[in-house]
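These notes concern the structure reproduced below.
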Amino acid sequence: MITAIVMIDAATDAIPEVAAAIADLDGVSEVYSTAGEVDLIALVRVREFDQVAEVIAGRINKVPGVLETETHIAFRAYSRHDLEAAFAIGFETAD
Numbered sequence: 001m002i003t004a005i006v007m008i009d010a011a012t013d014a015i016p017e018v019a020a021a022i023a024d025l026d027g028v029s030e031v032y033s034t035a036g037e038v039d040l041i042a043l044v045r046v047r048e049f050d051q052v053a054e055v056i057a058g059r060i061n062k063v064p065g066v067l068e069t070e071t072h073i074a075f076r077a078y079s080r081h082d083l084e085a086a087f088a089i090g091f092e093t094a095d
C-alpha cells in the first residue's frame with residue numbers, strides 16, 4: 001500500500017465544502033482541516049504509484065476551491081506499537 005500525504009491550500013470561504021468533496025474521492029482515506037501553513041491535509045492510500053497521480057492530479061486538483069497541493073510520499077509507517085516492538089528486540093524482562 002502506498003500512502004501519500006497531500007497538503008492542500010483551499011479557498012478560505014469554501015474549506016468545509018472542499019474537504020467534504022476531497023473526502024468523497026476514491027483513493028482518499030482521510031481529510032483533516034488544519035491550523036498552520038495549509039488548510040487541509042489528505043491521506044491518499046493506493047496500491048500502485050500510477051494511482052497516486054490519478055488521485056492527486058486527476059481528482060484532488062480538480063476539486064473546485066483547491067488552490068494548490070504539495071505531496072509527500074510515505075516510505076514507512078511508525079506507530080507506538082511498531083516502536084515498542086522494535087525497541088523490545090533482544091530485550092528480556094526479568095520475571
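With the UniProt record's numbering, you'll find the sequence shown wraps up at 95, consecutive numbering, no jumps. Quick reminder that beta carbons are idealized off the backbone N, C-alpha and C, glycines included.
Skipping 5 residues on each side, what residues in its chain have a beta carbon closer than 6 Å to that of residue i?
i   : result
A23 : V31
May I have the straight-line CA-CA distance separating residue i from residue j, to the nearest angstrom?
i   : j   : result
T69 : P16 : 17 Å
L43 : R80 : 19 Å
M1  : R47 : 5 Å
A20 : Y78 : 27 Å
T71 : R45 : 12 Å
S33 : V52 : 21 Å
D26 : D13 : 24 Å
D39 : R76 : 25 Å
E54 : K62 : 11 Å
V6  : G36 : 14 Å
S29 : I56 : 13 Å
Could you tell me how far apart the beta carbons of residue i and residue j are, in whole angstroms, since I believe they sit closer than 8 Å?
i   : j   : result
I41 : I73 : Incorrect: roughly 14 Å between the Cβ atoms, too far for contact.
Classify residue i as helix, strand or coil using the three-state DSSP reduction.
i   : result
V6  : strand
E70 : strand
V46 : strand
D13 : helix
V52 : helix
A57 : coil
Which residues does DSSP pair with residue i in a beta bridge?
i   : result
Y32 : I41
Can you list, in chain order, the residues of its chain whose CB lies under 7 Å from that of residue i, leaving out five sequence neighbours each side?
i           : result
V66         : I8, A10, V18 and I60
P64         : none
residue 106 : Past the boundaries of the shown model lies residue 106; the chain is included only from 1 to 95, so the question cannot be answered.
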